[in-house]
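Taking it in order: structure first as structure tokens, then the write-up.
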Amino acid sequence: MDTRKLLEELENVINNASEVPFTNKKMVDKDEVERLIDAINQSLPNELESARRIVADKERIMLDAEKKAEDTVAQAKDYIARITEESELVKQAQERANEVISSANKSADELRTSSVTYATDVLKYVETNMENVLDSLKKNRQSLIDSNSAAARQQQEQQPQDEQKK
Numbered sequence: 001m002d003t004r005k006l007l008e009e010l011e012n013v014i015n016n017a018s019e020v021p022f023t024n025k026k027m028v029d030k031d032e033v034e035r036l037i038d039a040i041n042q043s044l045p046n047e048l049e050s051a052r053r054i055v056a057d058k059e060r061i062m063l064d065a066e067k068k069a070e071d072t073v074a075q076a077k078d079y080i081a082r083i084t085e086e087s088e089l090v091k092q093a094q095e096r097a098n099e100v101i102s103s104a105n106k107s108a109d110e111l112r113t114s115s116v117t118y119a120t121d122v123l124k125y126v127e128t129n130m131e132n133v134l135d136s137l138k139k140n141r142q143s144l145i146d147s148n149s150a151a152a153r154q155q156q157e158q159q160p161q162d163e164q165k166k
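Read in full-length UniProt numbering, the sequence shown has 120 at position 120, and its numbers run on one by one without any break.
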């Protein structure tokens with residue numbers, strides 16, 4: 001299940017929990033909260049794997065760009081070799097080869113830049129989601145601890161009153 005949906009479900013469990021009288025605490029179903037936290041913990045590796053795939057795709061794109069650039073440079077060199085055999089066309093061949101090499105290098109640079117930008121954006125998105133998930137988990141855990149402590153205090157306060165009534 002999607003981590004975001006699990007977090008929303010956890011938030012609903014907390015929001016819909018019974019309030020502890022005279023406190024700002026809520027009593028939640030511990031088993032339900034633990035189930036949701038376990039599910040969130042299980043979904044996180046999926047999101048990490050997605051990030052790893054994105055990085056692998058970025059590397060593949062960069063390798064493809066370099067290969068295309070190398071192929072273009074090789075074609076340009078072959079072109080230069082063929083053209084330079086004819087003495088009248090030496091200058092034209094050199095100019096054309098330089099243009100092709102420049103264009104290939106520019107294309108390779110643009111591909112590298114765009115793939116790095118894409119990977120950076122996606123990783124930042126994943127990082128932000130992971131930070132949100134972690135923050136939510138910390139808040140939910142603290143809320144669970146707080147509600148448990150409040151319930152224990154209330155029970156301790158209730159015992160002396162019950163004993164006095166006897």
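The C-beta atom is built at its ideal place from N, Cα and C for all residues, glycine as well.
Between the alpha carbons of residue 137 and residue 147 lies a distance of about 15 Å.
Between residue 80 and residue 93, the C-beta gap is smaller than 7 Å, which places the two residues in contact. Taking a contact as a CB-CB distance under 8 Å, the pair residue 61 and residue 115 counts as one, their CB atoms being some 4 Å apart.
Distance from the CA of residue 109 to the CA of residue 119, rounded to the nearest whole angstrom, comes to 15 Å. The C-beta distance from residue 133 to residue 40 rounds to 7 Å, short enough to fall under 8 Å.
The beta carbon of residue 32 sits closer than 6 Å to those of 13, all from its chain and outside the five residues before and after it, given in chain order.
Check the Cα spacing between residue 66 and each of 112, 83, 117 and 10: the tightest is with 112. Between residue 63 and residue 36, the CB-CB gap reaches or exceeds 7 Å. In terms of Cβ geometry, residue 74 and residue 126 do not form a close pair [threshold 7 Å].
In this structure, the CA atom of residue 157 is about 41 Å from the CA atom of residue 43. Straight-line measurement puts the Cα of residue 71 at about 18 Å from the Cα of residue 83.
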